[in-house]
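Protein chains in written order, with the numbering used here: chain V, 525 to 679; chain L, 525 to 679; chain P, 525 to 679.
All remarks here apply to the structure that follows.
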Amino acid sequence: MAEVVHMIDSEVFLAYSTYATIVTLKMMLMSPFTSYFRLTRKAFANMEDTSLDMSGEDKKKLVRVDPDVERVRRCHQNDLENVIPFLVIGLLYALTGPPVSSALLHFRVFVVSRICHSVAYLLPLPQPSRALCFGVGLMATASMAYRVLTTALYL
Amino acid sequence: MAEVVHMIDSEVFLAYSTYATIVTLKMMLMSPFTSYFRLTRKAFANMEDTSLDMSGEDKKKLVRVDPDVERVRRCHQNDLENVIPFLVIGLLYALTGPPVSSALLHFRVFVVSRICHSVAYLLPLPQPSRALCFGVGLMATASMAYRVLTTALYL
Amino acid sequence: MAEVVHMIDSEVFLAYSTYATIVTLKMMLMSPFTSYFRLTRKAFANMEDTSLDMSGEDKKKLVRVDPDVERVRRCHQNDLENVIPFLVIGLLYALTGPPVSSALLHFRVFVVSRICHSVAYLLPLPQPSRALCFGVGLMATASMAYRVLTTALYL
């Protein structure tokens, strides 16, 4: 991590910025997606939200759990649990000054694995497709963490 | 993103540090808030937590779900889903060297929208007040992501 | 925050990289841990996941809630709610140029408190052990946030 100041302005850092932003936007998309399912499935979490439904149905019955909404929420939760570690470890990894090709490989594999994971979760595709996507993303993050710890270990 | 090294020590970065810390502290406040509601509503998630209740009630009955506790938890979860993307994209945005006035506008709008969101969620205020706060915060983050991608795109 | 560019390459930043990576990996461990409990307790969240179970039991009965799985998930959620604020505020704190000894103290106290928190949650240990671990970690993050706000306040 000796030349870290010069690295910030490097291609690796630009690549990190790009892929981190893309995968964060993908994660954020889950929120409007959940809202969409709540409105179309008529399944709300709060009594006051039922006023957003225009169908004139009994409001109290609209505060309920819907399997499709829960599936989107689990997909979102899995993103939180995996994308956030990538964002932090990926930033530290970018600052260790890895080769551009190696960094691009890690970032691309992770982002593609998470997009495939969401597709596999939401359709859903039969297992083990989702488990594989999850595992590939985890490996990419773990590999970056290994480089951070071997380059910058200071306990 | 050419002068990024100089930008880190800039007013934009100081502004990011300030607003990121404020909104993170606001998000963290939800944890003690949940504990407070669990203790006053006597609704715990774990059997061992019931020992924190001094009322001498039947402990088994205290492991239960309470609507007020669940509301605070949903509010906290919504913060996680929205504040964390802001923290990451806001950092990358600050490193692209935007004008100070533009950066301050983004940071202020986001932080105010999230504080209003929590107030609207916890009171609760009638819809669409909460949906509006949510949307404004999402727009601020999306606008910063747009600048990051147009300034630093490297695929 | 005047000498921030020089600070990035400093011992404080190396220490941040190390402890941030360790605590993030610890948080990520909760995912495979949850999968392990889902497989051994035969309690899945999705219908398609039941194909991962080889026991030949009635698949529909395997989509269920198990108390051990829920405990791991609450532990993971508590990590998300506390580790992520540490990661963000810790980074900004490292950039304010604190003394190395002070930074190491904050990072070590936080990481140890979160490891103890998970042990206390999963065994589980009697309260208030978990509440104490939680509180110590919260204090470490709050103390770093205080330094960031007093050093870099720019509203």
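Each residue gets a CB set at the ideal place from its N, CA and C atoms; glycine is no exception.
query	result
Neighbour list for Ala669 (chain V) in chain P, Cβ cutoff strictly below 8 Å	Thr545, Thr548 and Leu549
Any chain P beta carbon closer than 8 Å to Ile613 (chain L)	no
Sequence-distant residues of its chain with Cβ nearer than 6 Å to Lys583 (chain V) (five each side left out)	Thr574
8 Å CB neighbourhood of Pro648 (chain L) in its chain, flanking five on each side removed	Arg595 and Arg654
Below-8 Å beta-carbon distance, Asp577 (chain L) vs any chain P residue	no
Short CB-CB distance (under 8 Å) between Ser653 (chain P) and chain V	no
Cβ-based burial, Glu605 (chain L) [other Cβ within 10 Å; buried from 16]	buried
Member of V:Thr665, V:Ala676 and V:Thr674 whose CA lies at the smallest distance from the CA of Lys550 (chain P)	V:Thr665
Chain V contacts from the segment 550 to 564 of chain P (Cβ-Cβ distance under 7 Å)	Met551, Met552 and Ser555
C-beta neighbour in chain P for Arg597 (chain V), strict 8 Å	no
CB contact check: Ala618 (chain L) to chain V, cutoff 8 Å	no
Cβ shell of Leu576 (chain L) (< 8 Å), same chain only, five flanking positions each side left out	Leu563 and Phe568
Where Arg671 (chain V) falls, given that 16 or more other Cβ within 10 Å makes a residue buried	buried
Through-space distance from Val612 (chain P) to Val593 (chain P), alpha-carbon basis	29 Å
Neighbour list for Ser541 (chain P) in chain V, Cβ cutoff strictly below 7 Å	Leu616, Val672 and Ala676
CB contact below 8 Å: Thr665 (chain P) versus chain L	yes
Exposed unless 16 or more other CB atoms sit within 10 angstroms - verdict on Glu572 (chain V)	buried
Beta-carbon gap between Asp603 (chain V) and Met554 (chain V) smaller than 8 Å	yes
Residue of L:Thr620, L:Lys585 and L:Val636 minimising C-alpha distance to Gly659 (chain L)	L:Val636
Element boundaries [alpha helix (DSSP H), containing Gly661 (chain V)]	Ser653 to Ala676
Beta-carbon neighbours of Leu647 (chain V), restricted to chain L and to distances below 8 Å	The premise fails here: Leu647 (chain V) is roughly 22 Å from chain L at the closest Cβ pair, so nothing lies under 8 Å.
Secondary structure of Glu527 (chain P), DSSP reduced to three states	Legend: pLDDT at Glu527 (chain P) = 40, less than 50; position of this residue unreliable, no value from coordinates given.
Reference Ile633 (chain L), options L:Cys657, L:Pro556, L:Tyr560 and L:Leu646, closest by Cα	Sequence check: residue 633 (chain L) is Val here, not Ile. Minimum Cα distance to Val633 (chain L) is reached at L:Cys657.
Selection from V:Pro623, V:Gly580, V:Lys585 and V:Asp590 that minimises the alpha carbon distance to Ser559 (chain V)	V:Asp590
Chain-ordered chain P contacts of Asp573 (chain L) [CB-CB under 7 Å]	Gln651
Top-ranked residue by Cα proximity to Ile639 (chain L), from L:Thr548, L:Tyr678 and L:Leu677	L:Thr548
Tyr678 (chain L) to Ile546 (chain V) span [Cα, whole Å]	11 Å
6 Å CB neighbourhood of Glu535 (chain V) in its chain, flanking five on each side removed	Val624
Which listed residue (L:Leu646, L:Ala676 and L:Leu628) has its alpha carbon closest to that of Tyr543 (chain L)	L:Leu628
8 Å Cβ cutoff, Ala690 (chain P) in contact with chain V	Since the displayed chain P opens at 525 and closes at 679, residue 690 (chain P) lies outside it and no answer follows.
Where Val587 (chain L) falls: helix, strand or coil (DSSP)	strand
Cβ of His630 (chain L) within 8 Å of any chain B Cβ	This model lacks chain B altogether; the protein chains it does include are V, L and P.
Partner residues on chain P for Pro609 (chain V), Cβ-Cβ distance less than 7 Å	Thr548, Met551 and Met552
Contacting residues, own chain, Cβ-Cβ under 7 Å from Ser541 (chain V) (five flanking each side not counted)	none
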